[in-house]
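Numbering of the sequence shown is given in the numbering used here, commencing with residue 604 and proceeding in unit increments. For each residue, glycine too, the CB sits at the ideal point set by N, CA and C. Just below is one structure, and these are the notes that go with it.
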Amino acid sequence: MKDEEELPLFHPSSFILHPSKKGFVPLLELITDRWILDQRPPKERVEPWRPHAFFVEPERTRQGTVEDVATLFLVNRECPFRCLMCDLWKHTTDTRVPDGAVVAQVQWALERLPSARHIKLYNAGNFFDAQAIPPADLPRLADLLSPFQTVIIECHPLLVGKRCLDFQKSLRPALQVAMGLETVHPQVLSRLNKRMTLGDFERAVRFLREHGIDVRAFILLRPPFLNEEEGVAWAKRSIEYAFDLGVGCCTVIPTRAGNGAMERLQEQGLFSPPRLDSLEEVLEFGVGLGIGQVFADLWDIEKIFACSRCGPARAERLRTMNLMQSAPPPVPCECRKQP
Ligand code: SF4
Ligand SMILES: [Zn+2]
């Protein structure tokens with residue numbers, strides 16, 4: 604693996620064409636909240652009293668069983684952070700949703716879903732952001748969640764604090780907090796505009812673990828500014844780092860375009876989505892560590908198929924790896940023989 608000093612973060616393409624300034628400006632100057640917002644395509648229409656999506660899917664537990672997890676994508680006010688790669692704002696509102704709306708969304712989904720032991724309440728941001736999930740809804744949510752064994756929510760490490768412990772105390776199920784680690788590459792992490800250092804992530808993990816709260820980390824495979832080989836190496840390093848801190852579970856997300864800013868970086872050669880075989884390699888590595896669960900996020904996975912003959916079978920292999928936490932033999936295909 605290369606040291607971070609060797610990584611070509613400051614090669615000539617770190618200067619990017621900026622139309623309004625009529626010339627090239629350093630990338631560091633360009634990646635601001637304003638620029639990221641200016642690249643956005645329009646949001647999609649959402650309804651504050653209905654979840655954006657909900658489904659039940661199986662997931663491997665730490666104990667080695669495979670159990671159903673209800674996953675709800677809640678609608679609420681968009682996250683105040685402006686991460687460079689984020690596209691979650693597409694299904695959010697501009698203003699705070701009324702008190703009771705989030706509770707109604709959860710009720711709506713639970714009335715329509717088959718029963719499950721665990722539940723993820725993903726809200727395209729931070730569960731403990733009072734502008735996203737109105738605090739008045741939390742006690743009623745805790746009641747609704749009492750039949751579950753585990754409740755998984757997501758939050759930026761900087762918003763992990765007392766409100767999280769108060770919610771934990773009000774819950775009958777165990778609480779798990781999912782946080783975006785993204786990458787342990789310090790320079791890339793700072794360019795993601797997440798306003799988080801590795802120290803912030805470590806403090807949040809320590810705080811949660813001290814209070815008996817499990818942590819799930821989201822890790823980007825090939826974030827911008829890294830080539831394929833570097834993207835794989837830093838994803839592996841990020842998984843190891845997360846487990847060393849006491850994170851129990853890592854989800855590896857193939858970095859995708861779709862938010863406008865990522866397309867601009869792609870046009871400048873500063874971002875390319877990872878290859879499917881890289882995701883296979885990182886997942887094999889992660890489950891091979893045998894420390895905690897490692898999952899590949901398979902949402903929109905067909906977008907990174909390079910070969911239509913083996914793509915679906917390889918996606919199926921990843922699904923099997925997610926559930927079994929072991930690697931079946933690779934899918935044979937003519938394309939593997941090509942240079
Ligand atoms: S903190 Fe999460 S939801 Fe908020 S902008 Fe960053 S990636 Fe998106
Ligand atoms: Zn193939």
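Can you tell me whether residue i is buried or exposed, with buried defined as 16 or more other CB within 10 angstroms of its CB?
i, result
"residue 728", "buried"
"residue 918", "buried"
"residue 666", "exposed"
"residue 759", "buried"
"residue 862", "buried"
"residue 604", "Residue placement at residue 604 is poorly supported in this model, since its pLDDT is 40, which falls under 50; the coordinates are not used for a value here."
"residue 681", "buried"
"residue 732", "buried"
"residue 650", "exposed"
"residue 638", "buried"
"residue 697", "exposed"
"residue 654", "buried"
"residue 794", "buried"
"residue 658", "exposed"
Can you tell me which residues form a DSSP beta bridge with residue i?
i, result
"residue 810", "Its beta-bridge partners do not exist; DSSP assigns none."
"residue 791", "Answer by DSSP bridge pairing: none, since residue 791 is not bridged."
"residue 782", "820"
"residue 844", "Answer is none; residue 844 lacks a bridge partner."
"residue 853", "820 and 897"
"residue 755", "723 and 779"
"residue 663", "669"
"residue 656", "676"
Quick check on DSSP: helix, strand or coil for residue i?
i, result
"residue 930", "coil"
"residue 672", "strand"
"residue 767", "helix"
"residue 896", "strand"
"residue 681", "coil"
"residue 833", "helix"
"residue 723", "strand"
"residue 715", "helix"
"residue 696", "strand"
"residue 731", "coil"
"residue 632", "helix"
"residue 606", "Note that residue 606 scores a pLDDT of 43, beneath 50, so its modelled location is shaky and nothing firm can be said."
"residue 915", "helix"
"residue 773", "helix"
"residue 884", "helix"
"residue 858", "coil"
"residue 796", "coil"
"residue 762", "helix"
"residue 615", "Residue confidence is low: residue 615 scores 40 on pLDDT, short of 50, so the model does not pin down where it sits. No coordinate-derived value is stated."
"residue 708", "helix"
"residue 650", "coil"
"residue 956", "Residue 956 is absent from the model: the chain starts at 604 and stops at 942."
"residue 904", "helix"
Take residue i as the anchor and find which of the options has the nearest alpha-carbon.
i, options, result
"residue 738", "706, 723, 761 and 715", "706"
"residue 769", "858, 715, 755 and 741", "741"
"residue 692", "869, 647, 847 and 891", "647"
"residue 889", "859, 656, 930 and 867", "930"
"residue 803", "848, 837 and 653", "848"
"residue 873", "880, 865 and 883", "865"
"residue 868", "936, 687, 766 and 895", "687"
"residue 807", "765, 641, 922 and 696", "765"
"residue 825", "702, 723 and 836", "836"
"residue 749", "767, 722 and 734", "722"
"residue 745", "761, 763, 924 and 724", "724"
"residue 673", "752, 690 and 689", "752"
"residue 775", "816, 676, 735 and 897", "816"
"residue 662", "939, 899 and 932", "899"
"residue 857", "684, 906 and 892", "906"
"residue 878", "833, 850, 735 and 717", "833"
Please tell me whether, using a cut-off of 7 angstroms, the distance from the CB of residue i to the nearest non-hydrogen atom of ligand 2 is below it.
i, result
"residue 905", "no"
"residue 920", "no"
"residue 912", "yes"
"residue 831", "no"
"residue 714", "no"
"residue 937", "yes"
Relative to ligand 1, is the shortest distance from any of its heavy atoms to the C-beta of residue i smaller than 7 angstroms?
i, result
"residue 727", "yes"
"residue 788", "no"
"residue 730", "no"
"residue 783", "yes"
"residue 767", "no"
Tell me, please, whether the CB atom of residue i is closer than 8 angstroms to any CB atom in chain B?
i, result
"residue 747", "Of the chains in the structure shown, none is chain B; there is only one protein chain."
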